[in-house]
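The numbering of the sequence shown is the working numbering, which starts it at 4 and goes up by one.
Where a beta carbon is used, it is the ideal one built from N, C-alpha and C, also for glycine.
Values in this document were obtained by computation on a predicted structure and should not be read as measured data.
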Amino acid sequence: MSEQRDLGLTFAGGGSRAFYQLGLLERWGDQMLPRVAGVAGCSAGAAMAVLLYSGRIDRARKFFAERRQGVRGHMQWSRVLEGKRPFPHHDIYRATLIDALSEGGLENLRNQPFPIRFLCAAFPKAMPSVVGVALGLGFYTLEKAVRPKMVHPTFPQKLGFTPRAYDARDCESPEELTELVLASSSTPPFTRRGRFGQELLLDGSMVDNAPAYLLEDIPEVKRHVVLMTRPYKSELVGEQGDRFYVAPTRPLPISRWDYRQDAPVDETFQIGLDEATHHGPALERFLSR
4 MSEQRDLGLT FAGGGSRAFY QLGLLERWGD QMLPRVAGVA GCSAGAAMAV LLYSGRIDRA
64 RKFFAERRQG VRGHMQWSRV LEGKRPFPHH DIYRATLIDA LSEGGLENLR NQPFPIRFLC
124 AAFPKAMPSV VGVALGLGFY TLEKAVRPKM VHPTFPQKLG FTPRAYDARD CESPEELTEL
184 VLASSSTPPF TRRGRFGQEL LLDGSMVDNA PAYLLEDIPE VKRHVVLMTR PYKSELVGEQ
244 GDRFYVAPTR PLPISRWDYR QDAPVDETFQ IGLDEATHHG PALERFLSR
């Protein structure tokens, strides 16, 4: 198989479900990664791309597990007594990314020879951010309910949410790249409203949960693999023109913001490992075209 860099790789959002993507790549990495000419992601998909290209997947999984010790549910009221938000997610998420990018992790990512683009959503002009959060997340959830075949959302953009894309390699510190990923993942109340540069931002899923289009301007990208995090109808996955969509064959055992100490993170990763075998023959045909 050719080692020419001709492949786009997109990580869809999905919160903790995105560990499925890392399981797939544990199996497919030797086959796919030498061909990657560009990476796109948003929300937790952006975080998975950071873990992959910082070279810190195993370290981050261990750190994430340690930081979740004692978390029993979405809210920890003991944090309120300490003057903190009751939701532990933002602090755990941020600490995991900072650790992954420390001690050479950021340099590993910045040394990649291709763009690594993350998508955020900018609020509509003249709309208060509190209102924007409620409307944006509400319309996104509504669209998933009324358009079960939807892969790329449209409702939030009709409200005026606009894309903001950044190359992760341009970030100069672990803290800066962490803030970019947090902005791309911003889903109040679990995380805070995002801010990158001088702009308030929201989860990139408001614009496109699987932003493969971010790589369409790269001449080297001739075909594209898109890693999803929830099941879709069979006619929406697999080979779709010059894209190959990979999705779980069944609902994953973890939910988006499941940060409990016993959350099935490892089980979700293992499903990715197992399903890589299931999806492998079709992927092989796609890559060999």
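Reduced DSSP secondary structure (H/G/I, E/B, other) of residue i
i    : result
H282 : helix
Q72  : coil
V268 : helix
Q243 : strand
M4   : Low confidence applies here, because M4 scores a pLDDT of 43, under 50, leaving its location unreliable; read the following figure in that light. Coil.
Y248 : strand
G135 : helix
R259 : coil
M209 : helix
E219 : coil
H92  : helix
M51  : helix
D173 : helix
Y235 : coil
E146 : helix
K65  : helix
Close beta carbons around residue i, own chain, < 6 Å, minus the five adjacent residues each side
i    : result
L218 : G11, G41, A43 and V224
G17  : A47 and T232
E242 : F289
R150 : none
A250 : M231, P234, Y235 and V240
G275 : Y23, G26 and L27
Distance between residue j and residue i (C-alpha atoms, nearest Å)
i    : j    : result
R82  : F289 : 49 Å
E202 : S291 : 43 Å
L162 : E6   : 43 Å
Y262 : D94  : 11 Å
G207 : R64  : 23 Å
V184 : F121 : 8 Å
A137 : F158 : 13 Å
S57  : D170 : 14 Å
S105 : S176 : 9 Å
V39  : Q24  : 15 Å
A21  : T252 : 14 Å
G76  : F193 : 12 Å
P234 : L255 : 8 Å
D277 : A285 : 15 Å
T165 : T144 : 18 Å
G86  : V74  : 17 Å
D220 : I60  : 29 Å
F14  : Y248 : 10 Å
T280 : G107 : 32 Å
L109 : P191 : 27 Å
G244 : E238 : 12 Å
P118 : Q264 : 35 Å
C174 : G200 : 11 Å
Same chain, Cβ closer than 8 Å to residue i, five either side skipped, listed in chain order
i    : result
L204 : C123, A124, A125, F126, R167, A186, S187, S189, R196, G197 and R198
A98  : F66 and R70
S19  : A47, I257, S258, R259, W260, D261, Y262, A266, V268 and T271
R62  : D102 and A103
D9   : R38, A40, E223, V224, K225 and R226
Q273 : G26
Sequence-distant residues of its chain with Cβ nearer than 7 Å to residue i (five each side left out)
i    : result
R246 : A215, H227 and V229
Q79  : P89 and P91
E287 : none
S132 : F126, R196 and L203
L100 : A50, V53, T181 and V184
According to DSSP, residues forming a beta bridge with residue i
i    : result
I119 : V42
P166 : A124
F14  : G44 and L230
G197 : L204
- Any 3 or more C-beta pairs closer than 8 Å across the segment 266-284 and the segment 209-225: no
- Task: Indicate whether the contact test is met: 3 or more Cβ pairs, each with one atom in the segment 21-36 and one in the segment 69-89, closer than 8 Å.
- Result: no
- Flag this pair as touching only if the segment 124-134 and the segment 52-63 have three or more C-beta atom pairs under 8 Å; answer yes or no. no
- Query: Is the segment 105-119 touching the segment 170-189, taking contact as three or more C-beta pairs under 8 Å?
  - Reply: yes
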